[in-house]
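Novice: Residue numbers (our numbering): 7 to 270.
Glycine included, each C-beta is placed from N, C-alpha and C at the ideal position.
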């Protein structure tokens, strides 16, 4: 059996060493390439995620601008309803105060008229008592003076009594008519006041209801502005949340399910 020369063995070992070195370098280059590819893929995903986040923020900015305009409009309407409610409430109080004053004036006038009528009735009663006395005296005179039962004195007294009686009766009738007119006028005024009061109360109730609706709508808009927002795109989903003027964005891509976090 022939022996391998040392020179040929050395060449073989050198070749084998070079082969393994090349193989090792190839493997290292392959790993480096794979790492670079993965890095590129990761960077591509991050860029896509950030693009989606910025797009969602742009859309949200438009939405918030519309909501801000709507909130300002609702706030203005709410102020108008509050002003209307205040005005109606004041008008209702003025009407009630005026109504009480008119009622007090009516009752005072009615008491005066009733007192006047009562005084006239007392005078009429006294006059009737005088007539009774006069009639008795006239009867006695007729007995004394049978030849002339129609005494001039008796006729004069009777005429004066009758005139006073008719005058008192007319005064009483006049006062009673004024009392009736006063009551009718008060009934009309009270009816007008009641209608006006009903109208004001109805408008006040409507204004209060509108105020409550506007306040509820404004609260709803404020809650919407604070609530998290979700935007769905072809490449993934974006969740936005605003806390202390900082936007927190979470992006989940559809192709790999990776989640990315951004703050703005």
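At which residue ranges does the stretch 217-258 contain complete beta strand (DSSP E) runs of 3 or more residues, listed in the order of the chain?
Specialist: Counting only runs of 3 or more, we get 235-238, 242-249.
Novice: Quick check on residue 171: does DSSP put it in helix, strand or coil?
Specialist: What you label residue 171 is simply residue 165 of the chain shown in a count that begins at 1. Helix at residue 171.
Novice: Ordered along the chain, which non-local residues of its own chain (more than five positions away) have a Cβ less than 8 Å from that of residue 117?
Specialist: By 1-based counting over the chain shown, the position of residue 117 is 111. Result list for residue 117: empty, nothing under 8 Å.
Novice: Less than 7 Å between the beta carbons of residue 213 and residue 87, yes or no?
Specialist: Position 207 of the chain shown, counted from the first residue, corresponds to residue 213. Position 81 of the chain shown, counted from the first residue, corresponds to residue 87. Yes. Within cutoff.
Novice: What residue from 195, 125, 208, 180 has the CA that sits closest to residue 110's CA?
Specialist: On the chain shown, residue 110 is found 104 positions in, with the first residue counted as 1. When each option's Cα is compared against that of residue 110, the closest is 195.
Novice: Considering only DSSP beta bridges, list what residue 266 is partnered with.
Specialist: In the chain shown, residue 266 corresponds to position 260, counting from 1. Answer is 257, bridged to residue 266.
Novice: If we call anything under 7 Å between Cβ atoms a contact, is residue 203 one with residue 101?
Specialist: The residue labelled residue 203 in the question sits at position 197 within the chain shown. The residue labelled residue 101 in the question sits at position 95 within the chain shown. In contact: residue 203 and residue 101 (Cβ atoms closer than 7 Å).
Novice: Assuming residue 84 and residue 220 form a contact by the criterion Cβ under 8 Å, report the distance between their Cβ atoms to the nearest whole angstrom.
Specialist: For the purposes of this step, residue 84 is taken as residue 78 along the chain shown, with counting starting at 1. For the purposes of this step, residue 220 is taken as residue 214 along the chain shown, with counting starting at 1. Rounded, the Cβ-Cβ distance is 4 Å, consistent with contact.
Novice: Does the distance from the CB of residue 127 to the CB of residue 171 come in under 7 Å?
Specialist: For this step, residue 127 is matched to residue 121 along the chain shown. For this step, residue 171 is matched to residue 165 along the chain shown. Contact: no.
Novice: Measuring CB to CB, does residue 119 end up less than 7 Å from residue 179?
Specialist: Indexing the chain shown from 1 puts residue 119 at position 113. Indexing the chain shown from 1 puts residue 179 at position 173. The answer is no: Cβ separation not under 7 Å.
Novice: Near residue 94, which residues of its chain fall below 7 Å by C-beta distance, leaving aside the five closest residues on each side in sequence?
Specialist: To locate residue 94, count along the chain shown from 1; it is residue 88. 206, 209, 210, 213.
Novice: Count Cβ pairs between the stretch 56-75 and the stretch 182-189 that sit closer than 8 Å; are there 3 or more?
Specialist: No, the stretch 56-75 does not touch the stretch 182-189.
Novice: Using only alpha-carbon positions, find the residue among 261, 253, 258, 82 that is nearest to residue 270.
Specialist: Stepping through the chain shown from its first residue, residue 270 is reached at position 264. Closest by alpha carbon: 253.
Novice: In whole angstroms, what separates the C-alpha of residue 136 from that of residue 175?
Specialist: As a first step, residue 136 must be located in the chain shown, where it is residue number 130. As a first step, residue 175 must be located in the chain shown, where it is residue number 169. Each residue's alpha carbon lies about 16 Å from the other.
Novice: Distance check for residue 106 and residue 125, CA to CA, integer angstroms please.
Specialist: For the purposes of this step, residue 125 is taken as the residue at position 119 of the chain shown. For the purposes of this step, residue 106 is taken as the residue at position 100 of the chain shown. Going from the Cα of residue 125 to the Cα of residue 106 covers about 28 Å.
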